[in-house]
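Chemist: Here it is, the structure, as structure tokens.
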Amino acid sequence: MAIKLKALKRDDLSNSVTKQLRADGQVPAVVYGKDKDSKTVAVDSVELLKTVRDEGRNAIITLDVENGTSVDVMLHEYQIDPIKDSLIHVDFYVVDMSEEMEVSVPVRIEGEAAGAKEGGVMQQPQYEVLVNAKPANFPDEITVNVSELQIGDVITVEDLPASDKYEFVDEPDAVIVTIVPPTEEEPETQLPDDGAEPELVDAKESDEE
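Plus 168 on top of the position in the sequence shown (first one is 1) and you've got the working numbering.
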């Protein structure tokens with residue numbers, strides 16, 4: 169079920185109006201999609217952040233625009249003010265609920281690997297996987313339990329839990345997580361003591377001359 173979010177039409181794109189929108193707690197946004205004309209709107213920044221936090225990055229959002237129209241979208245891109253750490257612009261992509269599309273889904277690691285307890289080091293080369301599904305079937309995350317992993321064990325995409333609602337797009341042998349042996353430290357080279365007397369190699373020869 170899509171989450172509803174109110175959106176204001178944004179016709180005046182001047183810097184002064186955009187600045188005032190942000191001051192009022194709104195974030196400027198663009199709505200676009202396949203064979204769709206782009207629209208400029210503004211949404212409540214707090215409500216949008218709450219929706220993404222509660223429902224996930226791939227949440228389907230129904231934008232209720234003030235002119236009475238509504239459209240199903242998902243958050244595609246966003247920009248953050250590095251100083252204020254606040255949203256300054258977002259892009260919404262219009263989705264067709266009847267068509268499949270590809271999205272990136274985060275991978276969540278669960279448990280502590282047995283091999284890590286024995287000194288091994290867990291490495292996670294891939295933090296997201298690409299899935300193909302209808303928007304209503306997008307998973308919030310893919311959970312991987314690593315409790316039984318020993319040193320040398322690997323979990324790849326083909327080892328991930330399967331579902332009839334979506335399919336993985338990444339290569340089956342793409343590594344998600346692995347437990348590698350601990351790195352052996354090389355012995356330190358003993359450096360000469362700075363206070364030691366230098367060895368006079370030619371001292372004997374000098375005395376004989």
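Each residue gets a CB set at the ideal place from its N, CA and C atoms; glycine is no exception.
Predicted, not measured: the structure shown is a model, and the values here were computed from it.
Can you say whether Tyr-334 is buried or exposed, counting buried as having 16 or more other CB atoms within 10 angstroms of its CB?
Modeler: The residue is buried, with at least 16 neighbouring Cβ atoms inside 10 Å.
Chemist: What first and last residue would you give for the beta strand (DSSP E) that runs through Arg-276?
Modeler: From DSSP, the beta strand (DSSP E) with Arg-276 extends over 269 to 278.
Chemist: Rounded to whole angstroms, what's the CA-CA distance from Ala-170 to Val-239? Just pull it up for me.
Modeler: Rounded to whole angstroms, Ala-170 to Val-239 spans 10 Å at the Cα level.
Chemist: Given this structure, state the Cα-to-Cα distance separating Glu-316 from Ser-272, to the nearest angstrom.
Modeler: When rounded, the distance between both Cα atoms is 26 Å.
Chemist: Spell out a yes or no on whether the region 340 to 348 and the region 313 to 327 are touching, meaning 3 or more CB-CB pairs, one atom from each, closer than 8 Å.
Modeler: With the cut-off at 8 Å, the region 340 to 348 and the region 313 to 327 touch.
Chemist: Within 10 Å of its beta-carbon, does Leu-216 have 16 or more other beta-carbons around it, so buried, or fewer, so exposed?
Modeler: Per the 10 Å Cβ criterion, buried.
Chemist: Within 10 angstroms of the Cβ of Asp-253, are there 16 or more other Cβ atoms? Answer buried if so, exposed if not.
Modeler: So Asp-253 ends up on the exposed side.
Chemist: Leaving out five residues on either side along the sequence, give the residues of the same chain with a beta carbon under 8 Å from the beta carbon of Ile-323.
Modeler: Taken in chain order, the residues that qualify are Val-312, Val-314, Leu-317, Val-343, Ile-344, Val-345, Thr-346.
Chemist: How is Pro-303 classed by DSSP in three states: helix, strand or coil?
Modeler: The answer is helix: DSSP assigns Pro-303 an H, G or I state.
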